[in-house]
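Each residue of the sequence shown is one higher than the one before, counting from 642 in the numbering used here. Since the structure comes first, as structure tokens, the remarks are kept for the end.
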Amino acid sequence: MYVELIDPNENLVERKLIKILRGTGDGFFQLSPAYAYGAYQVRAYTEWNKNFGTAFFFQEYILVSGPEKDVPFSPIKKLTIIEGQQNERRLNVQLDPSLSDSISGKAIRFVVEANGKKDILSVKQTRSNEYLLNYIIPAKAELLTLQVETGNAIN
């Protein structure tokens, strides 16, 4: 079985060939301090899986980070996923863009990507000088990508 580690920019960092015996394999990736902070994909497949495309590959995301001082600054104060009735999931994001940008009082845009589809949402500042996003997560989404676009930057 091939197992790959792919960085947040979708570059192949490392590939291993794992021997499978009685349905089980064993291996690991030695993480380097030089790896950038972010969500890395671990992808696994066999030669047989390649006949049917990437839908038949195992894919899982892991967060790689270093010491706290190396973690990039984020204007996101709070991010939660709430499960509601009938398996509905909502993404709630509380943001204070004044921590990273000087656009106080203006609208910002959230770009949410799930299942290959992008939603662009404009959010205005609340009376408490925060921005709140309440987004219904698509039913089959396993991974969401969230971008915050302010007047001067993308975070």
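Heads up, the beta-carbon is just placed ideally off N, CA and C, and yes, glycines get one too.
Closer than 7 Å by C-beta to residue 605: which residues in its own chain qualify, once you throw out the five before and the five after it? Chain order, please. Residue 605 cannot be examined here, being either before or after the span of the chain that is shown, 642 to 796.
Residues sharing a beta bridge with residue 760, DSSP: Residue 760 pairs with 753.
| said: Let's test the definition: count the other Cβ atoms within 10 Å of the Cβ of residue 745 and tell me whether it reaches 16, buried, or not, exposed. | reply: Note that residue 745 has pLDDT 49, beneath the 50 cutoff, so the model's placement of it is unreliable and the number below is only indicative. Label assigned to residue 745: exposed.
Give the DSSP-derived three-state secondary structure of residue 775 in the structure shown. Shown here, residue 775 sits in a strand according to DSSP, grouped into three states.
Item to complete: Please classify residue 766: is it buried, with 16 or more other beta-carbons within 10 angstroms of its beta-carbon, or exposed?
Response: Result: buried.
*asked:* Assuming contact is defined by CB atoms lying nearer than 7 Å, are residue 655 and residue 669 in contact in what I supplied?
replied: Their beta carbons are not under 7 Å apart, which means residue 655 does not touch residue 669 by this criterion.
- Message: If the criterion is Cβ atoms closer than 7 Å, does the pair residue 681 and residue 717 meet it?
- Response: In this structure, residue 681 lies away from residue 717, with their beta-carbon atoms at least 7 Å apart.
Keeping to the same chain, check which residues put their C-beta closer than 6 Å to that of residue 649; ignore five residues upstream and five downstream. Spatial neighbours of residue 649 in its own chain (CB-CB distance under 6 Å, excluding positions within 5 residues in sequence) are listed in chain order as 679 and 680.
Worksheet item: Leaving out the 5 sequence neighbours to the left and right, which residues in its chain are closer than 7 Å to residue 647 when beta-carbon positions are compared?
Response: Here the set comprises 653, 654, 681, 682 and 684.
State yes or no: is the C-beta of residue 687 within less than 7 Å of the C-beta of residue 642?
-> Yes, Cβ-Cβ distance for residue 687 and residue 642 is below 7 Å.
inquiry  = Please identify the residue among 790, 698 and 758 whose C-alpha is closest to the C-alpha of residue 772.
reply    = It is 790.
Run through the DSSP bridge pairs and tell me what residue 734 is partnered with.
According to DSSP, residue 734 bridges with 720 and 774.
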